[in-house]
Amino acid sequence: MSEEETREQVEEVMLTSAVPTEEPTPDPEVRRIGSMPIVRPTIDDFYLKLLIYGKTGVGKTTLAATANVCPVTRPALLVSVDPGTLSLATFDWRPDTVHLTRYSQLGEVFQYLQTPGQPYRTVIIDSISELQFVNLDAIVRARVGDAKARADNEIYLEDYGDSTRQIRRAVRFFRDLPMHVIFTAAEIIFAKEETIAPALTAKLRTAVLNYMDVVGYLQISVTNPPPPAQPKLVRRLITQPYGKWDAKDRSPGGRLGLFVDSPTIGRIMDLIRDKK
Numbered sequence: 268m269s270e271e272e273t274r275e276q277v278e279e280v281m282l283t284s285a286v287p288t289e290e291p292t293p294d295p296e297v298r299r300i301g302s303m304p305i306v307r308p309t310i311d312d313f314y315l316k317l318l319i320y321g322k323t324g325v326g327k328t329t330l331a332a333t334a335n336v337c338p339v340t341r342p343a344l345l346v347s348v349d350p351g352t353l354s355l356a357t358f359d360w361r362p363d364t365v366h367l368t369r370y371s372q373l374g375e376v377f378q379y380l381q382t383p384g385q386p387y388r389t390v391i392i393d394s395i396s397e398l399q400f401v402n403l404d405a406i407v408r409a410r411v412g413d414a415k416a417r418a419d420n421e422i423y424l425e426d427y428g429d430s431t432r433q434i435r436r437a438v439r440f441f442r443d444l445p446m447h448v449i450f451t452a453a454e455i456i457f458a459k460e461e462t463i464a465p466a467l468t469a470k471l472r473t474a475v476l477n478y479m480d481v482v483g484y485l486q487i488s489v490t491n492p493p494p495p496a497q498p499k500l501v502r503r504l505i506t507q508p509y510g511k512w513d514a515k516d517r518s519p520g521g522r523l524g525l526f527v528d529s530p531t532i533g534r535i536m537d538l539i540r541d542k543k
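All residue numbers for the sequence shown refer to this note's numbering, where the first residue is 268 and numbers rise by one.
Laid out in structure tokens, this is it:
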């Protein structure tokens, strides 16, 4: 196998399951320009494409999983890449979960979600930061073999380039599914620039931020009420570029505002759909 074939081996699993085998029959009642139907999008047609990032333990998985409570986004499927679902174990509303241990399994999930009649309205990838590590491991194993990868798991510069391309394509495939799609990510702090961003390689981070409609930084804040009220912890999702945080809100008029306190997916959907 040539070097180029080796580098493409892992990606082929995703590509073969992502490309439809045949085109649907066009509806003669729909106006078209060439092969493209002419539509007038409405907010009721909106599918949430959301990235939540922040520190470990801040509640990213729990926030994403509240999609399984919201009537608009349930039922949800959680694809757990980062083994951190213990926080959901006692909730009656916890979503169905699959644990991804190999990158090729992501293609299996994608193929399933394309199956007519599959029950889920939302898919959650938790987390994309960990997914890149799983992908890099698959690339190294494809290049050097399992035994050598276990003995000497050295990652080359070209491996990072291959990984960026493969994850970027995977994120785009999932984003384009006709359903709600939620990604989580760890944070990375750039001390020199005094910024906080999703923990991804630079080129992948730029692509993922562009792909999402909403990017939110989840943090825990402490209230400072006047006495005799006591301070309490409040989760806050920053949804506009502010200070040192990367964030965005592409909803009409920025309906999420600068931040959403005590966020849930239901609350986010209500704000976007202007149902306060």
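Even for Gly, the Cβ is constructed at its ideal location relative to N, Cα and C.
No experiment lies behind these values; they were computed from the predicted model shown.
Straight across, the Cα-Cα distance linking R540 with R408 is about 45 angstroms. Between the beta-carbon of L317 and that of I449 there is about 5 angstroms, and that keeps the pair under the 8 angstroms contact cut. CA-CA distance, W512 to R298, rounds to 43 angstroms. Nearest to K542 by C-alpha distance, out of V339, P445, A332, S302, is V339.
DSSP links W512 through a beta bridge to I463, Y509.
For S371, the enclosing alpha helix (DSSP H) covers residues 371-380. With contact defined as three or more Cβ pairs closer than 8 angstroms, the segment 355-370 and the segment 496-505 are not in contact. If you look at T329, you'll find it in the alpha helix (DSSP H) that goes 327-332. By the criterion of at least three beta-carbon pairs nearer than 8 angstroms, the segment 361-381 is not in contact with the segment 305-312. For G321 against E454, the beta-carbon gap comes to about 6 angstroms, under 8 angstroms, which counts as contact. Contact annotation, Y484 with I505: C-beta distance approximately 4 angstroms; criterion of less than 8 angstroms satisfied.
Between the alpha carbons of A334 and G533 lies a distance of about 7 angstroms.
Residue pairing for Y484: DSSP places it in a beta bridge opposite Y320, I505. Taking a contact as a CB-CB distance under 8 angstroms, the pair T451 and I300 does not count as one, their CB atoms being some 37 angstroms apart. In the structure shown, the three-state DSSP call for D393 is strand.
For a cut-off of 8 angstroms, the C-beta gap from L476 to I434 is around 13 angstroms, too long to register as a contact. In this structure, DSSP gives A496 a state outside helix and strand, which the three-state scheme calls coil. Excluding five sequence positions before and after P386, the CB atoms of its chain that fall closer than 8 angstroms to its own CB belong to P342, given in chain order.
Rounded to the nearest angstrom, the Cβ distance from V438 to I487 is 27 angstroms, too far for a contact under 8 angstroms. A distance below 7 angstroms between beta-carbons, with the five flanking residues on each side excluded, links K470 to the following residues of its chain, in chain order: T431. Rounded to whole angstroms, the gap between the alpha carbons of V489 and H447 is 31 angstroms. Boundaries of the alpha helix (DSSP H) harbouring S430: 424-442, taken from the DSSP string. DSSP, read as helix, strand or coil, puts V475 in helix.
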